[in-house]
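Each residue of the sequence shown is one higher than the last, beginning at 1 in the UniProt record's numbering. Shown next, in structure tokens, is the structure this report addresses.
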Amino acid sequence: SGYKLFGLYFGFTGIAWYLLKTQIVRRKVIQLEAQDGHNALEPLLLAENDRLYLKQLKKNREEERELMKNVPGWVVGTYFGEPIYHTMGPNVHMDPVAEEYFAHTDPKIANYNWHYWDYNF
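Set out below in structure tokens:
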């Protein structure tokens, strides 16, 4: 009869709403857990990224020292003894441009790193 159908409809609808609400809460808890893990690991990943950055800068400096050791008057980090940035003090760090940073890297790795965020976002 009609009353049974309405009863079944409201019963199933109520159960569906209850299940939907529990799934939404469960999904939010899982997302919160994942975000907590990301927040916990972010300082470690940033420190590792900074360490790799400094390691590459040191490698570039050593490569420059090795390549230009036979050039008279060459001082590492300058252009024939002239500082590249005249307005900066000796203790100020300027990030190198990408071409200079990847100068002594395998071209495939440099290309991958240069275009990383073109495909991974």
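Backbone N, C-alpha and C define an ideal beta-carbon position, used for all residues, glycine too.
Complete runs of the alpha helix (DSSP H) confined to the stretch 73 to 117 [at least 4 residues]: 98 to 101 and 107 to 114
Alpha-carbon to alpha-carbon, Phe102 and Trp117: 16 Å
Rounded separation between Val71 and Gly81 - CA only: 11 Å
Start and end residues, alpha helix (DSSP H) containing Asn70: It is not in any alpha helix (DSSP H) - Asn70 carries neither H nor E in the DSSP assignment.
Per-residue DSSP class, three states only, for Asn60: helix
Where Asn111 falls, given that 16 or more other Cβ within 10 Å makes a residue buried: exposed
Three or more C-beta pairs below 8 Å linking the stretch 90 to 107 and the stretch 51 to 65: yes
Contact check, Glu64 vs Val76, beta carbons under 8 Å: yes
Coarse secondary structure for Asn120, derived from DSSP in three states: coil
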